[in-house]
Amino acid sequence: MMTTTTTTHAITAEAFVAALDAENRALLDELGRKSAAGQAGEALSVAALLKLALRNEYEAADLAAAWMADTRELDAKLALARQCGDEAKHYRWIEERLRALGVDLGGFDPAAPGPSPLLVHLRGLTTTVERAAAGQFTREAIAVVRNDVFAAFCEERGDPETAALYRDRIQPDERHHHELGRRLLCTYAVTPEAQARARDAARATLRIAEEVQELARLKAGVCRAPGC
Ligand SMILES: [Fe+2]
Ligand SMILES: [Fe+2]
Numbered sequence: 644m645m646t647t648t649t650t651t652h653a654i655t656a657e658a659f660v661a662a663l664d665a666e667n668r669a670l671l672d673e674l675g676r677k678s679a680a681g682q683a684g685e686a687l688s689v690a691a692l693l694k695l696a697l698r699n700e701y702e703a704a705d706l707a708a709a710w711m712a713d714t715r716e717l718d719a720k721l722a723l724a725r726q727c728g729d730e731a732k733h734y735r736w737i738e739e740r741l742r743a744l745g746v747d748l749g750g751f752d753p754a755a756p757g758p759s760p761l762l763v764h765l766r767g768l769t770t771t772v773e774r775a776a777a778g779q780f781t782r783e784a785i786a787v788v789r790n791d792v793f794a795a796f797c798e799e800r801g802d803p804e805t806a807a808l809y810r811d812r813i814q815p816d817e818r819h820h821h822e823l824g825r826r827l828l829c830t831y832a833v834t835p836e837a838q839a840r841a842r843d844a845a846r847a848t849l850r851i852a853e854e855v856q857e858l859a860r861l862k863a864g865v866c867r868a869p870g871c
């Protein structure tokens, strides 16, 4: 009689990251399609979406700082430090752009609405491999997709300056953060257990991002919003 045994073999970290990238890609394409879907109402202005972007950049900087403080691996710690500084820089660039558009940010507090569901999820991740998979490899890929949709929207609304801010200055950093996540995964996603944790964290990140995006559309008619 033949018997079958199931053993779990670790695939190489590189093969794992390539597979995760492909899985993410399909979901990211869907997320981008939904963000760009339908008509953006006249009330939905570039400035209103930039204010949402401030909150996203603030949360991204805050999270990177919190993670940096309790990460032991030096490469991951320095990647988070770099990301924290970049997100803070994006915050200032977006503020500058809003002022140029005539928006008064006096009294504006990006933390006022409380932590977003995505931040709550990400804060709960404790291992470097999960953080790299969710916070950098996946969340930063979401940002790149959303920022592309937003830049196209800025062009449509006759605001090439804001489109250029995203395309030429912010997007190269967001791509770099995504690549930092890829590098960390190649170093740390080396066991079946680490790979499973990384995949689960990435899946949850995309699921929550999509739920939040769809809820914002239904509740407030928000679409084409930038990421972080
Ligand atoms: Fe980023
Ligand atoms: Fe950013």
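Numbered by this note's numbering, the letters in the sequence shown go through residues 644 to 871 in order. Here a beta-carbon is modelled for each residue, glycine too, at the ideal position from N, C-alpha and C. Note that the structure is a prediction, hence the values are computed from the model and not measured.
Classification of residue 735 by the beta-carbon crowding that lies within 10 angstroms, buried from 16 upward: Exposed, since its Cβ has fewer than 16 Cβ neighbours within 10 Å.
Collapsed DSSP secondary structure at residue 751 in the structure displayed: Reduced to three states, the DSSP call for residue 751 is coil.
Residue 770 - DSSP class collapsed to helix/strand/coil: When DSSP states are grouped into helix, strand and coil, residue 770 belongs to the coil group.
Residue 816 Cβ short of 7 Å to ligand 1 heavy atom set: If you check the C-beta of residue 816 against ligand 1, you find a heavy atom less than 7 Å away.
heavy atom of ligand 1 below 7 Å from residue 791 C-beta: No, the beta carbon of residue 791 sits no closer than 7 Å to any heavy atom of ligand 1.
3-residue-minimum beta strand (DSSP E) runs that sit fully inside the region 760 to 805, ordered along the chain: Given a length threshold of 3 residues, the region 760 to 805 has no whole run of the beta strand (DSSP E) inside it.
Opening and closing residue of the alpha helix (DSSP H) in which residue 831 lies: Counted as a single uninterrupted DSSP element, the alpha helix (DSSP H) harbouring residue 831 occupies residues 814 to 831.
Short Cβ contact (8 Å threshold) for residue 661 with residue 744: The Cβ-Cβ distance between residue 661 and residue 744 does not fall below 8 Å.
Residue 716: first and last residue of the uninterrupted alpha helix (DSSP H) it sits in: Careful: residue 716 lies outside any alpha helix (DSSP H) and carries neither H nor E.
Short Cβ contact (8 Å threshold) for residue 827 with residue 719: Yes. Within cutoff.
Beta-carbon separation (whole angstroms), residue 777 vs residue 703, contact threshold 8 Å: The beta-carbon separation of residue 777 and residue 703, rounded to 12 Å, does not stay under the 8 Å limit for a contact.
Ligand 1 heavy atom lying under 7 Å from the CB of residue 822: No.
Closer than 7 Å: residue 700 CB and nearest ligand 2 heavy atom: It does: the Cβ of residue 700 is within 7 Å (strictly closer) of some heavy atom of ligand 2.
Environment of residue 760 [buried if 16+ CB atoms lie within 10 Å]: Its Cβ having fewer than 16 others within 10 Å, residue 760 is exposed.
Whether residue 859 touches residue 821 by CB criterion (8 Å): Going by C-beta atoms, residue 859 is not nearer than 8 Å to residue 821.
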